[in-house]
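Heads up: the structure comes next, in structure tokens.
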Amino acid sequence: MTEQKQYPNHVIPNSYQTPNIYIDVIMPLLTDSEWRVLSYAMRHILGWREKIAARKGTISLSMFEHGYGPYPGCGLNKGTIIKILKALDAHGILVKDGGVTKDGQRWQIADNLEQISIQALETRLQNKRSKDKERTKKMLDGLKQKRAQLLSHNTGGVLSHNTASGMSHNTQLNPPINTTINPKDSVAQKQSDAVDADENVYPMIKRLYDNKRVKIWMGEARVIVEHFGESTFEVLNADPYRLREVFALDRKSAERIAAQWESEMMEDGDTIQDIELGSDGYLTEASWDKIE
Numbered sequence: 055m056t057e058q059k060q061y062p063n064h065v066i067p068n069s070y071q072t073p074n075i076y077i078d079v080i081m082p083l084l085t086d087s088e089w090r091v092l093s094y095a096m097r098h099i100l101g102w103r104e105k106i107a108a109r110k111g112t113i114s115l116s117m118f119e120h121g122y123g124p125y126p127g128c129g130l131n132k133g134t135i136i137k138i139l140k141a142l143d144a145h146g147i148l149v150k151d152g153g154v155t156k157d158g159q160r161w162q163i164a165d166n167l168e169q170i171s172i173q174a175l176e177t178r179l180q181n182k183r184s185k186d187k188e189r190t191k192k193m194l195d196g197l198k199q200k201r202a203q204l205l206s207h208n209t210g211g212v213l214s215h216n217t218a219s220g221m222s223h224n225t226q227l228n229p230p231i232n233t234t235i236n237p238k239d240s241v242a243q244k245q246s247d248a249v250d251a252d253e254n255v256y257p258m259i260k261r262l263y264d265n266k267r268v269k270i271w272m273g274e275a276r277v278i279v280e281h282f283g284e285s286t287f288e289v290l291n292a293d294p295y296r297l298r299e300v301f302a303l304d305r306k307s308a309e310r311i312a313a314q315w316e317s318e319m320m321e322d323g324d325t326i327q328d329i330e331l332g333s334d335g336y337l338t339e340a341s342w343d344k345i346e
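Residue numbers (this note's numbering): 55 to 346.
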């Protein structure tokens, strides 16, 4: 068992003031990683009495990455830190003061909004949201097509190839499902019993539902609604472990669909648990790098 590091328990007075404009105005316009780097810089500039007045302090790239003493850095790799520092400097938030010395780069924190390119940051944010919205739409459309193809291939002919362009009205699931859910039944207990009985039957579905941050299931839901109707989706949404019953799959087919979906959508050992949404409600850049 790894021994946990022990830090002195001195929250007060070992603290520093954070300028209100950085929380109220700047933070919503930055990426999560940019805010992390900026916060680290503020701690090591505004956290030292002799540096507060000048708003300046020397912080080496190595310190940003690895920290000092028992305290780690900002938790990002060197390449990402360099990219972020360049962006913060370009927008006038954390700017270089002189050249690099043997101790590292000297940085100055902007102390008024006139020094910061607020309009450029707002434009950048709007452009990112538009781009992410379009990318999310394309991903969901692609996911819908993949899902339809997988279901058609792995259900042994239960589902027709019409799934690629939409199910025909007379397509029937075999066997038919009971869409009536007894309100007395505990959905949570059903799920728990299903997992306890055979946790490996639905590896992908379990991870999708266990990780509440992940919204990729919405792409799956769209496929279900469009191809099989609202009643089927309602049953699945209430009790996701009925997937095998709904699609009339045997155990091997259910496992094969999960494994194939995972291998096609995730590469380099990434799992669904590595995919998350940013504060703006869209997939983060890191998540996009893993699924594109």
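Glycine residues also receive a C-beta, built at the ideal position from the N, C-alpha and C atoms. Treat the numbers as computed from the prediction; the structure is a model and nothing was measured.
Relative to the Cα of Gly153, the nearest Cα in the group Asn166, Gln162 and His145 belongs to Gln162. Closest in C-alpha terms to Asn74, from the list Phe118, Asn166 and Gly158, comes Asn166.
Per the C-alpha coordinates, the member of Ser116, Ser69 and Gly146 positioned closest to Thr134 is Ser116. Between the C-alpha atoms of Leu179 and Ile172 there is a straight-line separation of about 11 angstroms. Shown here for Gly101: same chain residues with a beta carbon closer than 7 angstroms to its own, the five before and five after excluded, namely Tyr70 in chain order. Looking at the DSSP output, Trp161 bridges to Gly111 and Lys150.
Secondary structure at Thr155: strand, using DSSP grouped into helix, strand and coil.
When DSSP states are grouped into helix, strand and coil, Tyr94 belongs to the helix group. Beta-bridge annotation (DSSP): Tyr122 is paired with Tyr125. In the structure shown, the three-state DSSP call for Gly101 is coil.
When the Cα atoms are used, Lys191 and Ile66 turn out to be separated by approximately 47 angstroms. For Tyr125, same chain residues with a beta-carbon under 7 angstroms away, outside a window of 5 residues either side, do not exist.
Between Gly129 and Gly121, the C-beta gap is not smaller than 7 angstroms, which leaves the two residues out of contact.
Note that the stretch 180-187 does not touch the stretch 141-150; fewer than 3 beta-carbon pairs, one per stretch, sit closer than 8 angstroms. With at least 16 other beta carbons inside 10 angstroms of its own, Gly111 counts as buried. Assigned with DSSP and collapsed to three states, Pro82 falls in helix.
For Ala141, the CB contacts under 7 angstroms within the same chain, skipping 5 residues up- and downstream, are Glu88 in chain order. About 6 angstroms separates the beta carbon of Glu176 from that of Leu83, a gap short enough to meet the 8 angstroms contact definition.
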